[in-house]
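There are 4 protein chains.
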Amino acid sequence: MNSLEFARQHTEQFIARRRDLHKHPEPGWLEYRTAAFAATVLTELGYDIKAGAEVLDLDARMGLPSEAVMKAAMERAIAEGADPKWVDIFGYGKTALVATMKFSDDGPTVAFRSDIDSNDVQESDSPEHMPAREGFSSIHEKAMHACGHDVHLTMILGLAEYLATNKDKLQGTVKLIIQPAEEGVRGAAAMEAAGVVDDVDIFFGTHIGIDKNLAGCLACSDPGFLATSKIDASFQGYSAHAGASPEQAKNAMLAACTAVINLQAIARHSKGISRVNVGTLEAGTGRNVTPDVASLKLEIRGETTEINDYMEQRCHTILEAAAAMHDCTVNITKAGSAPVVMNSDTLATEVQELANELGIFKRVDFSYSGGGSEDCAYFTRRVIELGGQATYMILGSDIKAPHHNPLFDIDEKDMIHGVALMGALAEKYLQSK
Amino acid sequence: MNSLEFARQHTEQFIARRRDLHKHPEPGWLEYRTAAFAATVLTELGYDIKAGAEVLDLDARMGLPSEAVMKAAMERAIAEGADPKWVDIFGYGKTALVATMKFSDDGPTVAFRSDIDSNDVQESDSPEHMPAREGFSSIHEKAMHACGHDVHLTMILGLAEYLATNKDKLQGTVKLIIQPAEEGVRGAAAMEAAGVVDDVDIFFGTHIGIDKNLAGCLACSDPGFLATSKIDASFQGYSAHAGASPEQAKNAMLAACTAVINLQAIARHSKGISRVNVGTLEAGTGRNVTPDVASLKLEIRGETTEINDYMEQRCHTILEAAAAMHDCTVNITKAGSAPVVMNSDTLATEVQELANELGIFKRVDFSYSGGGSEDCAYFTRRVIELGGQATYMILGSDIKAPHHNPLFDIDEKDMIHGVALMGALAEKYLQSK
Amino acid sequence: MNSLEFARQHTEQFIARRRDLHKHPEPGWLEYRTAAFAATVLTELGYDIKAGAEVLDLDARMGLPSEAVMKAAMERAIAEGADPKWVDIFGYGKTALVATMKFSDDGPTVAFRSDIDSNDVQESDSPEHMPAREGFSSIHEKAMHACGHDVHLTMILGLAEYLATNKDKLQGTVKLIIQPAEEGVRGAAAMEAAGVVDDVDIFFGTHIGIDKNLAGCLACSDPGFLATSKIDASFQGYSAHAGASPEQAKNAMLAACTAVINLQAIARHSKGISRVNVGTLEAGTGRNVTPDVASLKLEIRGETTEINDYMEQRCHTILEAAAAMHDCTVNITKAGSAPVVMNSDTLATEVQELANELGIFKRVDFSYSGGGSEDCAYFTRRVIELGGQATYMILGSDIKAPHHNPLFDIDEKDMIHGVALMGALAEKYLQSK
Amino acid sequence: MNSLEFARQHTEQFIARRRDLHKHPEPGWLEYRTAAFAATVLTELGYDIKAGAEVLDLDARMGLPSEAVMKAAMERAIAEGADPKWVDIFGYGKTALVATMKFSDDGPTVAFRSDIDSNDVQESDSPEHMPAREGFSSIHEKAMHACGHDVHLTMILGLAEYLATNKDKLQGTVKLIIQPAEEGVRGAAAMEAAGVVDDVDIFFGTHIGIDKNLAGCLACSDPGFLATSKIDASFQGYSAHAGASPEQAKNAMLAACTAVINLQAIARHSKGISRVNVGTLEAGTGRNVTPDVASLKLEIRGETTEINDYMEQRCHTILEAAAAMHDCTVNITKAGSAPVVMNSDTLATEVQELANELGIFKRVDFSYSGGGSEDCAYFTRRVIELGGQATYMILGSDIKAPHHNPLFDIDEKDMIHGVALMGALAEKYLQSK
């Protein structure tokens, strides 16, 4: 039974798992139930598990929620059936997991990566939305799997089972990398810094969906992801009575507003695409008090890491000068980051050939230019830097709305194609060198 | 028994009432328990009561809370002992009350005014704070009588009892005007528009505290209050993915930030004091989405109504142009306003003389320049326009912290002086013309 | 004698002519001496001349100098030897010229285009600068041929003589289009609107220099030129004494500064390169007077005409809103514009082949990406829209400094290659279809 | 013959002198002909003259013109009749003069001050303008006595002659202080720093005109002048090609524009009047080059020196932060300054009394609130600090247009009143103590 036949036979299991995950979405660094589920399944399948602090450089984590938020999410996970032993290991922002199965001492190490976190989106309850109609939409307020990470984990677990079933036919080692907090590009850097891909020869990242026009197709070796940095800045000034002593103000709102306009005005870069967006701004405490606080969340992107660095350096300069201009201080923190997604041309070409052989895709493109960012980039860059090969694949699907939209949904049948492809890729490369 | 003797005898009652009011602070338009308490007391004392829609031009109310907030506050008031009959009358933002007692057909109409609402401040629980130490600090989250309006109502009710007790000695009519929503200058305009001072010959407004240096003193005929307008503006744009289609954005945050800086840059006025403050700004929904919404709360002030009008006209122009600049729309609403407090010189002089005669004040000043605003200004202006006399008095007190501060407190003994003064003023003017 | 031999024989003439033009640079719309010289030479060679209003849509001219400036330039041209008859025809901003020679009734019409204007640059008098050393640097204050248009005209005149000499061997018609005011992209639109390329089957534009790395090379079919618009905006407000009556100000400087920052902050376009630059800003009249005037010169660019249109529309919105914000008016005029340079692939390929056959270029590239703009784009677009073929060629040269630099210079020997190439191209296409 | 009779007899002389000065206006630090004329007259009258570097702290001069401009003005002065000996002494920005006459060893030192510079205004040639009609309007391009300093000097010279004529009747010492560069408040500080008023017991400053409503009146002890500082700022960035390498820009225009808006947005001061005005801004060199330079001229004012200092400190902070924000540098220089004009109440009262006794003024006011600034403030402050008395008097006149207007003119007859008043004041105080 090849991977396609295996995947077809397991369709019901895939759908059931995906729907359970979809119903219990957990935002980045809070994926306690999700990670515990993966750990349980993979342990049962005979994988070696490294989890939590074993696979994370804790200092390299970005954009962690508050302790209180993490604690509440841990308690909820247990209340919703998570194994407390695993929640303890993953607890307080350590929801990372690497499952390894060594088939032989001599072969290559092949890695597949899945992200697992959800979005801060209130899922639609419209009857046109299939998860609502079928009763598996999110039961968590303002959380939704609106980017398909529920599907990613389901596929990785399907792949895990297929490989475990066929372990006698394989050589080398498979590594399943289950990464927290991809939204906001906050999680991969800490796993990469912990060395989880340092021994990987062949690396595959996958994303479902992206563009309706890719439905039924596969795109690989994607150059369209931009490097990005996510930055939080909070200005601290001094509040004064707006009528009685305005001259005593150190006006944090003026600092923030001056920063916002000048950030947006950072000069375009001649070497390629650049982006800047101040997404949120909150300032002040009351109408008749001069604003002593202002905080903003922004992101920058660049077609190259050099461009992204240029944008980031300009951001810092502008934020600091805006604070100085109004006698305020500013605290700047990096809330996430990703370099450009690198791809190995040879590997991508081989993926294409194999995909064409499988005969399950309407079209196999060499690349698709998207415009988003993806912290899987840390893994692909590291693997390639150390002499391995890596590629990032987009598994097209007939998405019902754009990613991050309350009506986002994919075609569940595409999970079959994903598992079939990944299974075949594993079989191709898990042989003695 | 003169008014001073009466006030001294009733000190315990004053303190008990003030502390009960202090413990149950209610923000503007939500003073259901407070107003019901006043209505009950004044009814018992034999006053004619006009309440709610009878004494409010409902369309002239500014800065009303949402229906849901009002409903919750009504339910809480009843739960905390308010008479449901009165809550029904005052319900949904109609917490205004005029209590009248006619002593004779021929004499003048003399009015005293009290405001009753609390501030959006979390009261201190520090042991240095007397209300905390004595156990009567606010039991309502983020609400506190931090401006002394609990004291104002207590004094007016004390005055009411003194006058009712002495009604046979008086001529003319006394009017006790109990006004909601002074904070944010939202309430007086609607009472004035309903005509509640149209028949008033002599009008007195009073405020306790203001400045520690006035402790034990009286200041009247104050020219230091500024005209003001409170303005809310909300920008509506269009959100786009910050990485994939930034050019589709209609960036409401850029509109708001451009407005904020230019508002602050409105040219000073050569004719006197002007002020502008954007107190709060909230914009955007997420880091990687271009901001489609932004809202700001601002206020302007002017030494004269002309200057305030100049500032207001400039505000509108700037807000609208900032929206247009970024292809957004903007909705501008007036959330409060007050003209300059006018005073009748003759009346103020007579108040001084009487205050000096009473011998209870350390000092009696002709004026004190503050810098705040006060919507009692609507009443004083209307009375003077119609040929009456009006003045606004500051009853100094040894305040423990600035107004609106979590540690704000007054010296309760000053209530005695307040009732004594108001009682004596009533006696002086409530005689046949 | 083929075109290469012809060009080599005429090297001294080319150098003499180029140096005379270089010594007498004339900015856009002021090329009276230059155009008169071209007209005189081409008339002598037997070309039919159409000039001035015959080949310009006068209303489509952009960025004309003032009458006074034009009059002075006309007088100077005559003083420097221009034929007054031609100056009269070209006078007051009509310095356009089309020279035609019909070889037969049946063949194709092949056009070559040259621009002729100089830059607003003060030429270097450094001995390292060859024109200074050789005594032919500009004798006109703040004017210099710092972009090679002196070379362009010299080559076109050399080509004209070669074709006239060989007219018996040719069929069809050659059109030499001599265009004013390319700097600031102000002149081509008016010639195009007058229909000068409506009958052209094959069109060639040429530029010398561009990049030192192209020395000795040829690049054609260039996609690197951006569409552009040049915009002037002048704000009119109202001035007041800054100390005595600031509130009466309608502050044009504030309007302009708000515009500048927001212009720079126009959102990047996801479809390709965009640019914006406010190059100059002048505002105000005196330190103690509120500024009633402000004027700015800006330009925008786009990788596509769609992007350029997006930028231009945003510019107008921002400029108008900035004026409205400060109760000013704004007058916006287009001072220049160019679409994207279109190229015919087939023609470009044929040019490459011919260039390679000639054996005079170190390298022949298919394209070179520059980043500037060029109003020759009007001609290439029109020719292609009407079914003809067009290409724009870059004739590399060992430039001594970037274009528009006081030290800019080219290698005069490259004129030989230019005339040889254009002569060969003319011979190739000027045959019966 | 008293001072009034003297002044009436000398009316023709006053008018002739004033018209000659009016016809030859000289801007600040360039008053070579004017100062030479004064020096010549005063020498002839027997005064001791200290001039140039003797009465200036050269380092304390502000806002000096360039050497070239000063040299040209010196040459013009000589061409227009100035004594070269004096031009040499006053040359290159040393146009200050103190003329002293000691009547006795024991009496007080009484000082009168005149300024002498003209405005950068093109005088009207309208027949409604008396100087034009009578043929004595300015013969210097863009220079005009549009503030009455020609009148001031004429009156001081008239006073000088009156006192010289009556020297036997006087005791003590008279000091005539002739100050350059009052426009832009640039000159007084350097004379004060040189100690010219350190020995003065009684000091009088005078200005003609100010307000049409003061025609025929006298106002003294004026509190209406504001402290002020004049500031020049020039930003230096780095220019890049706007299309080819915008990211290399260090955009001085963006720095300047950000500064301008934030300067205008400096919070109002609760203690009194504040002002800020950026009067001129120039930025950039060409449309397609990112701006590497920007310069602005601004002024601030304050009702008190404390407020002016607050404004100045905020200016510096904003200018420096704006430069830092765009990686530019900024050079900030003080181009002028004046504190608040101090007045001695006793002296002012005595002036009033004397003025009333003279019977030549329609009205004598104690003060008039203007709104401008005046560097005579340095002298009045210094005299009062050292224990003397000082006052600043406004000599009303029927002015034909506001000061600094091309149509400004005064009523020449008012010079009679000025000399009469100053003469009488001198006589009153120049007696033994």
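Chains as they are written, first to last, in my numbering: chain A, 5 to 437; chain B, 5 to 437; chain C, 5 to 437; chain D, 5 to 437.
Backbone N, C-alpha and C define an ideal beta-carbon position, used for all residues, glycine too.
These figures come from a predicted structure and were not determined experimentally.
Considering only their Cβ atoms, is the gap separating Asp121 of chain D from Ala185 of chain D smaller than 8 Å?
yes
From which residue to which residue does the beta strand (DSSP E) around Leu300 of chain A run?
297–306 is the span of the beta strand (DSSP E), which, as asked, contains Leu300 of chain A.
Excluding sequence positions up to five away, which residues of its chain have a Cβ less than 7 Å from the Cβ of Phe140 of chain C?
Arg23, His26, Lys27
For Cys224 of chain B, write down the residues that DSSP places opposite it in a beta bridge.
Residue pairing for Cys224 of chain B: DSSP places it in a beta bridge opposite B:Met397.
Helix, strand or coil for Ser130 of chain C per DSSP?
coil
Measuring CA to CA, which of B:Gln435, B:Tyr433, B:Ala424 is closest to Phe18 of chain B?
B:Ala424
Mind checking which residues open and close the alpha helix (DSSP H) that includes His211 of chain A?
Premise fails: His211 of chain A lies in the beta strand (DSSP E), 206–212, not in any alpha helix (DSSP H).
Measuring alpha carbon to alpha carbon, tell me which of A:Gly199, A:Arg367, A:Glu251, A:Asn266 ends up nearest Lys254 of chain D.
A:Asn266
By Cβ distance below 7 Å, which residues in the same chain neighbour Val213 of chain C in space, the five residues on each side in sequence not counted?
In the sequence as presented, Val is not what sits at residue 213 of chain C; that position holds Gly. Excluding positions up to five away in sequence, the list reads Gly152, Ser401, Ile403, His407, Ile414.
Is the region 45–63 of chain B touching the region 90–106 of chain B in the sense that three or more CB pairs, one from each, lie closer than 8 Å?
Yes, the region 90–106 of chain B is in contact with the region 45–63 of chain B.
Chain-ordered chain A contacts of Ser278 of chain C [CB-CB under 8 Å]:
Correct list: Arg272.
For the structure I just gave you, are there three or more beta carbon pairs, one from the region 312–321 of chain D and one from the region 217–229 of chain D, closer than 8 Å?
no
For Thr104 of chain C, which beta-bridge partners are listed by DSSP?
Bridge pairing for Thr104 of chain C: C:Asp52, C:Lys179 [DSSP].
Would the beta-carbon of Thr309 of chain B fall within 8 Å of that of Ser348 of chain B?
In this structure, the beta-carbon distance from Thr309 of chain B to Ser348 of chain B does not fall below 8 Å.
Cα separation between Glu79 of chain C and Glu127 of chain C?
C-alpha separation (whole angstroms): 22 Å.
Of all Cβ atoms in chain D, is any one closer than 8 Å to the Cβ of Ala100 of chain B?
no
Pick from A:Leu362, A:Glu354, A:Glu196, A:Ser249 that is closest to Pro343 of chain A, judged by C-alpha positions:
A:Glu196
Exposure of Met5 of chain A, with buried meaning 16 or more beta-carbon neighbours within 10 Å:
exposed
What is the rounded straight-line gap between the Cα of Glu84 of chain C and the Cα of Ser142 of chain C?
13 Å
Is it the case that the Cβ atoms of Thr158 of chain B and Val189 of chain B are separated by a distance below 8 Å?
Note that the C-beta distance between Thr158 of chain B and Val189 of chain B is not below 8 Å.
Evaluate contact between the region 35–51 of chain B and the region 84–96 of chain B, counting only Cβ atoms and requiring at least three cross-stretch pairs below 8 Å.
yes
Please report the distance separating the alpha-carbon of Gly422 of chain C from that of Lys75 of chain C.
Gly422 of chain C and Lys75 of chain C: Cα-Cα distance of roughly 35 Å.
Report the neighbours of Met257 of chain B on chain A: residues whose CB is nearer than 7 Å to its CB, in chain order.
Val264, Val282, Leu285
Please report the distance separating the alpha-carbon of Ala269 of chain B from that of Ala86 of chain B.
Cα to Cα, Ala269 of chain B sits roughly 48 Å from Ala86 of chain B.
Which runs of the beta strand (DSSP E) spanning at least 3 residues fall entirely within the region 108–160 of chain D, listed in chain order?
113–119
Proximal residues to Pro250 of chain C (C-beta, below 8 Å), its chain only, five neighbours per side dropped
Leaving aside the five residues that flank Pro250 of chain C on each side, the residues in its chain whose CB is nearer than 8 Å to its CB run, in chain order, Ala244, Thr294.
Anything in chain D within Cβ reach of Leu322 of chain A, meaning under 7 Å, just list it in chain order.
The residue you asked about is not Leu; residue 322 of chain A is Ile in the sequence shown. Correct list: Met329.
Enclosing beta strand (DSSP E) for Asp236 of chain D [first to last residue]
231–240
In the structure shown, what three-state DSSP assignment does Ala289 of chain D receive?
Before going further, note that residue 289 of chain D is Thr rather than Ala in the sequence given. Three-state result, Thr289 of chain D: coil.
Skipping 5 residues on each side, what residues in its chain have a beta carbon closer than 6 Å to that of Asn292 of chain D?
Ala246
Just the Cα atoms here: how many angstroms apart are Gly288 of chain A and Gly340 of chain D?
38 Å
Is the separation between the beta-carbon of Leu285 of chain D and that of Ala298 of chain D shorter than 8 Å?
Yes, Cβ-Cβ distance for Leu285 of chain D and Ala298 of chain D is below 8 Å.
Where Pro410 of chain D meets chain A, residues with beta-carbon distance less than 7 Å
The contacting residues do not exist; Pro410 of chain D stays about 38 Å from chain A at best.
Does DSSP classify Thr262 of chain D as helix, strand or coil?
helix
Roughly how many angstroms lie between the CA atoms of Thr113 of chain D and Phe208 of chain D, to the nearest whole one?
11 Å
Cβ-based burial, Asn281 of chain B [other Cβ within 10 Å; buried from 16]:
buried
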